[in-house]
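S.K.: Keeping their order, the protein sequence lines are chains A and B.
Heads up, the first sequence is in the working numbering, so the first residue is 1 and it goes up one at a time.
Heads up, the second sequence is in the working numbering, so the first residue is 1001 and it goes up one at a time.
A virtual CB, placed ideally from N, CA and C, is assigned to each residue, including glycine.
Take this structure, written in structure tokens, and hold onto it; I'll ask about it next.
There are 2 protein chains.
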Amino acid sequence: MGLYVSKNCRFTVAVHICALLAHNAGKPATSDWIAESVNTNPVVIRRTLSALAKAGLVKSWRGSNGGSVLAHPAQVVTLAMIFRAVDDSEGPALHQQPPSADCPIGAHIQPVLVDMIASAESAREKVFSALTLADVMNSIQRRAA
Amino acid sequence: MGLYVSKNCRFTVAVHICALLAHNAGKPATSDWIAESVNTNPVVIRRTLSALAKAGLVKSWRGSNGGSVLAHPAQVVTLAMIFRAVDDSEGPALHQQPPSADCPIGAHIQPVLVDMIASAESAREKVFSALTLADVMNSIQRRAA
DNA sequence: AAATTTGTAATCACGACTGTAACAATTTTA
DNA sequence: TAAAATTGTTACAGTCGTGATTACAAATTT
């Protein structure tokens, strides 16, 4: 029914899915079961699972007894891998329309900002590269205790 | 007329505005003049100028000979200040609907992700804090030469 | 008084996003 | 072989964010 959306939450949902699969210890999980924990529609889960599968992070099977499992141990799956698999946002956007080439600022600001934004995004990605799904599982267990 | 918008470009526009004001060396710039370089509508410029003014980064005057100037030297204005003034986006969003509290993962994943996302955003902000408007001006001049 | 400029509200068109229904394809089970 | 379960994918609806635009009051200079 399209409720309030401030921005995309695919990364959050994807990490949630991967955490459930890790917790499920190799037993295939159905999109219906995952959707109950995430509190959304199973199609939303299957869409995200599809993106994760294309990135090689999960494997899925159709049919009776079908479902999805993690393709790799939680220790080697980083949040950066999950982010790249489901979210293509890349920081602040450049101008909608190209700025004036007749202006000394307008003529050169875009490549300058591209570099600066890229280095900022790179710093963010570095943090996600240092965090694994196993770290997520540990933090969850610590909070549950 | 509402063209294609992948995500907001207010940060880019704000840096462009500040660079123009820096280049203008204290002479008040009108929103019409700025809009020509940025290639957008003057109201869009005034909206962003308004946000920059609320953050204390620019000063504006109405009336004939009105316009805007930088409130501080380019050396002390960081991209982080500009970003915070105009963009309130804060990385990947959490779940649309709260996840199931009955699930061991669903019950605890949100605070875990909040922390991890915050540390990633903090790394990004750190890069923007180390870059000043003067750096932007230098990079532009280097490219113009 | 006239001209200029900002500040701000209202509105429009468009795209992104999530949720939902529908259904073919695949796989297991009886 | 038939039935049931499950994924994969398309299509579409509702809502929101975004930038462009119009309009006009408020402020300032000439």
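Whose CA, out of B:Leu-1094, B:Asp-1032, B:Lys-1007 and B:Thr-1048, lies closest to the CA of B:Ile-1109?
M.R.: Here residue 1109 of chain B refers to the residue found at position 109 of the second sequence. B:Ile-1109 has its Cα closest to that of B:Leu-1094, out of B:Leu-1094, B:Asp-1032, B:Lys-1007 and B:Thr-1048.
S.K.: Would you kindly check if the distance between the Cβ of A:Ala-74 and the Cβ of A:Ala-29 is under 8 Å?
M.R.: Counting from one through the first sequence, the residue named residue 29 of chain A turns up at place 29. Counting from one through the first sequence, the residue named residue 74 of chain A turns up at place 74. Taking 8 Å as the Cβ cut-off, A:Ala-29 and A:Ala-74 do not qualify as a contacting pair.
S.K.: Quick one: using the 10 Å Cβ neighbour count with 16 as the cut-off for buried, is A:Pro-92 buried or exposed?
M.R.: Start at 1 with the first residue of the first sequence, and residue 92 of chain A comes out as number 92. With 16 or more other Cβ atoms within 10 Å, it is buried.
S.K.: My understanding is that A:Gly-56 touches A:Ala-71, with C-beta atoms under 8 Å, so please give their C-beta distance in whole angstroms.
M.R.: Residue numbering aside, residue 56 of chain A sits at position 56 when the first sequence is read from its first letter. Residue numbering aside, residue 71 of chain A sits at position 71 when the first sequence is read from its first letter. That pair is a contact at about 6 Å.
S.K.: Could you name the residues that DSSP lists as bridge partners for A:Gly-147?
M.R.: One cannot answer for residue 147 of chain A here, as it falls past the ends of chain A, which runs 1 to 145.
S.K.: Between A:Ile-117, A:Ala-130, A:Val-44 and A:Ala-107, which lies nearest to B:Arg-1142 when the distance is taken from Cα to Cα?
M.R.: Your numbering for residue 1142 of chain B matches position 142 in the second sequence. Nearest of A:Ile-117, A:Ala-130, A:Val-44 and A:Ala-107 to B:Arg-1142, Cα basis: A:Ala-107.
S.K.: Contact criterion: CB-CB distance below 8 Å. Does A:Asn-65 meet it with respect to chain B?
M.R.: Along the first sequence, read from residue 1 onward, the residue named residue 65 of chain A stands at position 65. Taking Cβ atoms only, chain B never reaches closer than 8 Å to A:Asn-65, which makes this a no.
S.K.: Out of B:His-1016, B:Arg-1010, B:Asn-1008 and B:Lys-1007, point me to the one whose CA is closest to B:Ala-1134's CA.
M.R.: Within the second sequence, numbered from 1, the residue matching residue 1134 of chain B stands at position 134. For B:Ala-1134, the nearest C-alpha among the options comes from B:His-1016.
S.K.: Is it buried or exposed for A:Met-1, if we count other Cβ within 10 angstroms and need 16 for buried?
M.R.: Taking the first sequence and counting its residues from 1, one reaches residue 1 of chain A at position 1. In this prediction, A:Met-1 has a pLDDT of 47, which is less than 50 and means its spatial position is unreliable; what the coordinates show is noted afterwards. Classification for A:Met-1: exposed.
S.K.: Any beta carbon from chain A within less than 8 Å of B:Ile-1045's own beta carbon?
M.R.: On the second sequence, position 45 is the one that residue 1045 of chain B refers to. Judged by the 8 Å Cβ criterion, B:Ile-1045 is not in contact with chain A.
S.K.: Flag B:Gln-1075 as yes if its beta-carbon sits less than 8 Å from any beta-carbon of chain A, otherwise no.
M.R.: The sequence position of residue 1075 of chain B within the second sequence is 75, counting from 1. By this cut-off, B:Gln-1075 is not an interface position.
S.K.: Using only alpha-carbon positions, find the residue among B:Ser-1139, B:Leu-1052, B:Asn-1041 and B:Val-1114 that is nearest to B:Glu-1090.
M.R.: The residue you call residue 1090 of chain B lines up with position 90 of the second sequence. Answer by Cα proximity: B:Val-1114.
S.K.: Hey, is A:Ile-109's beta-carbon within less than 8 Å of any beta-carbon in chain B?
M.R.: As a first step, residue 109 of chain A is located in the first sequence; it is residue number 109 there, counting from the start. For A:Ile-109, the answer is yes, since a Cβ of chain B falls inside 8 Å of its Cβ.
S.K.: Among all the DSSP beta bridges, which residues are the ones paired with A:Thr-30?
M.R.: Within the first sequence, residue 30 of chain A is the residue found at index 30, counting from 1. A:Thr-30 pairs with nothing; no bridge assigned.
S.K.: Using a Cβ-Cβ cut-off of less than 9 Å, list which residues of the segment 125-137 of chain A approach chain B; keep chain order.
M.R.: The segment 125-137 of chain A vs chain B, Cβ under 9 Å: Glu-125, Lys-126, Val-127, Phe-128, Leu-131, Asp-135, Val-136 and Met-137.
S.K.: To the nearest angstrom, how far is the alpha carbon of A:Ala-25 from that of A:Val-58?
M.R.: Here residue 25 of chain A refers to the residue found at position 25 of the first sequence. Here residue 58 of chain A refers to the residue found at position 58 of the first sequence. Going by the C-alpha atoms only, they are around 13 Å apart.
S.K.: Keeping to the same chain, check which residues put their C-beta closer than 6 Å to that of A:Pro-99; ignore five residues upstream and five downstream.
M.R.: By 1-based counting over the first sequence, the position of residue 99 of chain A is 99. Here the set comprises Gly-106.
S.K.: In terms of residue numbering, what span does the alpha helix (DSSP H) encompassing A:Asp-115 cover?
M.R.: Taking the first residue of the first sequence as position 1, residue 115 of chain A is located at position 115. Counting along the chain, the alpha helix (DSSP H) containing A:Asp-115 begins and ends at 109-129.
S.K.: Enumerate in chain order the residues of its own chain whose CB-to-CB distance from A:Leu-20 is below 7 Å, with the five nearest sequence positions on each side excluded.
M.R.: For the purposes of this step, residue 20 of chain A is identified with residue 20 of the first sequence, where counting begins at 1. Closer than 7 Å at Cβ, skipping near neighbours: Ala-29, Ile-34 and Ser-37.
S.K.: Quick one: does A:Ser-37 have its CB under 8 Å from some CB of chain B?
M.R.: For this step, residue 37 of chain A is matched to residue 37 along the first sequence. Closer than 8 Å: yes.
S.K.: Taking Cβ positions only, does A:Gly-106 come closer than 8 Å to chain B?
M.R.: Indexing the first sequence from 1 puts residue 106 of chain A at position 106. Yes - at least one Cβ of chain B is within 8 Å of the one on A:Gly-106.
S.K.: What does the alpha-carbon distance come out to for the pair A:Ser-31 and A:Ile-45?
M.R.: The residue given as residue 31 of chain A occupies position 31 in the first sequence. The residue given as residue 45 of chain A occupies position 45 in the first sequence. Distance between the alpha carbons of A:Ser-31 and A:Ile-45 is about 6 Å.
S.K.: Using the beta-carbon count (16 or more within 10 Å), is A:Val-43 buried or exposed?
M.R.: On the first sequence, residue 43 of chain A is found 43 positions in, with the first residue counted as 1. A:Val-43 should be labelled exposed.
S.K.: Roughly how many angstroms separate the alpha carbons of A:Val-76 and A:Val-69, rounded to a whole number?
M.R.: Numbered from its first residue, the first sequence carries residue 76 of chain A at position 76. Numbered from its first residue, the first sequence carries residue 69 of chain A at position 69. Computed Cα separation, rounded: 15 Å.
S.K.: Check the Cβ-Cβ distances between A:Arg-143 and every residue of chain B, and say whether any is below 8 Å.
M.R.: Residue numbering aside, residue 143 of chain A sits at position 143 when the first sequence is read from its first letter. At least one chain B Cβ lies under 8 Å of A:Arg-143.
S.K.: Which residue comes first and which comes last in the alpha helix (DSSP H) that contains B:Gln-1141?
M.R.: Here the question's residue 1141 of chain B lines up with position 141 in the second sequence. Element bounds for B:Gln-1141: 1133-1144.
S.K.: Can you list the residues of chain B that A:Ala-93 reaches, using a CB-CB cut of under 7 Å?
M.R.: Along the first sequence, one-based indexing puts residue 93 of chain A at 93. Ordered by position in chain B, the residues that pass the 7 Å Cβ test against A:Ala-93 are Ser-1006, Lys-1007, Asn-1008, Cys-1009 and Thr-1012.
S.K.: Give me the DSSP bridge partner(s) of A:Thr-40.
M.R.: By 1-based counting over the first sequence, the position of residue 40 of chain A is 40. Answer by DSSP bridge pairing: none, since A:Thr-40 is not bridged.
S.K.: Measure how close the beta-carbons of A:Ala-85 and A:Leu-52 come, nearest whole angstrom, since I'm counting them as under 8 Å.
M.R.: For the purposes of this step, residue 85 of chain A is taken as residue 85 along the first sequence, with counting starting at 1. For the purposes of this step, residue 52 of chain A is taken as residue 52 along the first sequence, with counting starting at 1. A:Ala-85 to A:Leu-52, Cβ: 5 Å. Contact.
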